[in-house]
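Q:
In this note's numbering, the protein residues as written are 1 to 84.
1. Check whether the Cβ atoms of residue 60 and residue 17 lie closer than 9 Å to each other.
2. In this structure, how does DSSP classify residue 9 when only helix, strand and coil are distinguished?
3. Below 8 Å on the Cβ atoms is my guess for residue 43 versus residue 14; work out the distance and round it to an integer in Å.
4. Residue 1 and residue 36: beta carbons closer than 9 Å?
5. Skipping 5 residues on each side, what residues in its chain have a beta carbon closer than 6 Å to that of residue 39?
6. Report yes if the CB atom of residue 7 is closer than 9 Å to the CB atom of residue 47, and no otherwise.
7. Just to confirm, are residue 33 and residue 41 a CB contact at a threshold of 9 Å?
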C-alpha cells in the first residue's frame, strides 16, 4: 500500500488479500475496516478480485485437458506426452 501511495507502484491487480482470514461480513459490520484495505478499495489504480481471478473459461478448459492427458498416460504411457 505504501508503494502505491508513494507512486513507486503505479497500479495493482490483487486476487489474494491479507484480510481473507477475517470474515468480510464481520469486517464491514463493525466499521473496523483496516486503513490499508480502505485505501485499496477506494484507489482507482487498484483492481480487487474475490480470489477467483485465475478461474477463467480458458483455465478450466486447460485444466480439464491436462487431467485427461494424465489419465491417458496411465493407460497408454507412450500415446500421450504431457508437458508440465
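Backbone N, C-alpha and C define an ideal beta-carbon position, used for all residues, glycine too.
A: On the basis of the coordinates in this document:
1. Cβ atoms of residue 60 and residue 17: not closer than 9 Å.
2. Correct three-state label for residue 9: coil.
3. Not confirmed; about 10 Å, so no contact.
4. Yes, they are a contact pair.
5. For residue 39, where only same-chain residues beyond five positions count, the Cβ hits under 6 Å are 1.
6. Taking 9 Å as the cut-off, the Cβ atoms of residue 7 and residue 47 do not count as close.
7. Contact flag set, yes.
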